[in-house]
Amino acid sequence: MNRIVLGVFIGLMLVGVGLFWLQGRAAVERGAPPPEPEAPDGPGSDVLPFADIAGLEGPEPPEATELTREQRRFFRYDRNRDLKITRNEMLSTRTAGFRKLDVDGNNLLTFEEWAVTTAERFDEADANGDRELTPAEFATTGRKSSQSSSGRSNSGCDC
Numbered sequence: 001m002n003r004i005v006l007g008v009f010i011g012l013m014l015v016g017v018g019l020f021w022l023q024g025r026a027a028v029e030r031g032a033p034p035p036e037p038e039a040p041d042g043p044g045s046d047v048l049p050f051a052d053i054a055g056l057e058g059p060e061p062p063e064a065t066e067l068t069r070e071q072r073r074f075f076r077y078d079r080n081r082d083l084k085i086t087r088n089e090m091l092s093t094r095t096a097g098f099r100k101l102d103v104d105g106n107n108l109l110t111f112e113e114w115a116v117t118t119a120e121r122f123d124e125a126d127a128n129g130d131r132e133l134t135p136a137e138f139a140t141t142g143r144k145s146s147q148s149s150s151g152r153s154n155s156g157c158d159c
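Residues in the sequence shown are numbered consecutively from 1, following full-length UniProt numbering.
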């Protein structure tokens, strides 16, 4: 039994050595120097040819195609232009906002860090400091009225 196992082991070792030897020869042949260049024909072959290019024009420069709005939006996310948006590419636009909210820099966004603007707005609106908003105090948290696209103010809207 030992002779059979030993014979198989030696056979496998010989096959392995043979494979390494063949691969080594292939690497030597791949690294061989290139063939010698052919000798130039006749005297004065070192002179470059001359051509009259006075009337010739080059090709037209390529024109940039106008991308549609959806294509521009797609390529804002597709950073490597493989026409596929990966999850990392999609989320990469959110990292700056995340880092701005993550004030302690531990890459974990706590509820307090996430809700900081709401908490600040609440503290500004709480005029008497009782940690409760009256209807008058709450009215100060709304967005400032701006002119709508029709030119009318939304301040009197009951919608």
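All residues carry an ideal CB built from backbone N, CA and C; glycine is no exception.
- Boundaries of the alpha helix (DSSP H) around D123: V116 to A125.
- Per the C-alpha coordinates, the member of T117, R99 and T118 positioned closest to L109 is R99.
- The DSSP-derived three-state label of E137 is helix.
- Note on geometry: alpha-carbon atoms of G18 and I10 lie some 12 Å from one another.
- The continuous alpha helix (DSSP H) containing L101 extends over residues T95 to L101.
- For L108, no alpha helix (DSSP H) run applies, since DSSP gives it neither H nor E.
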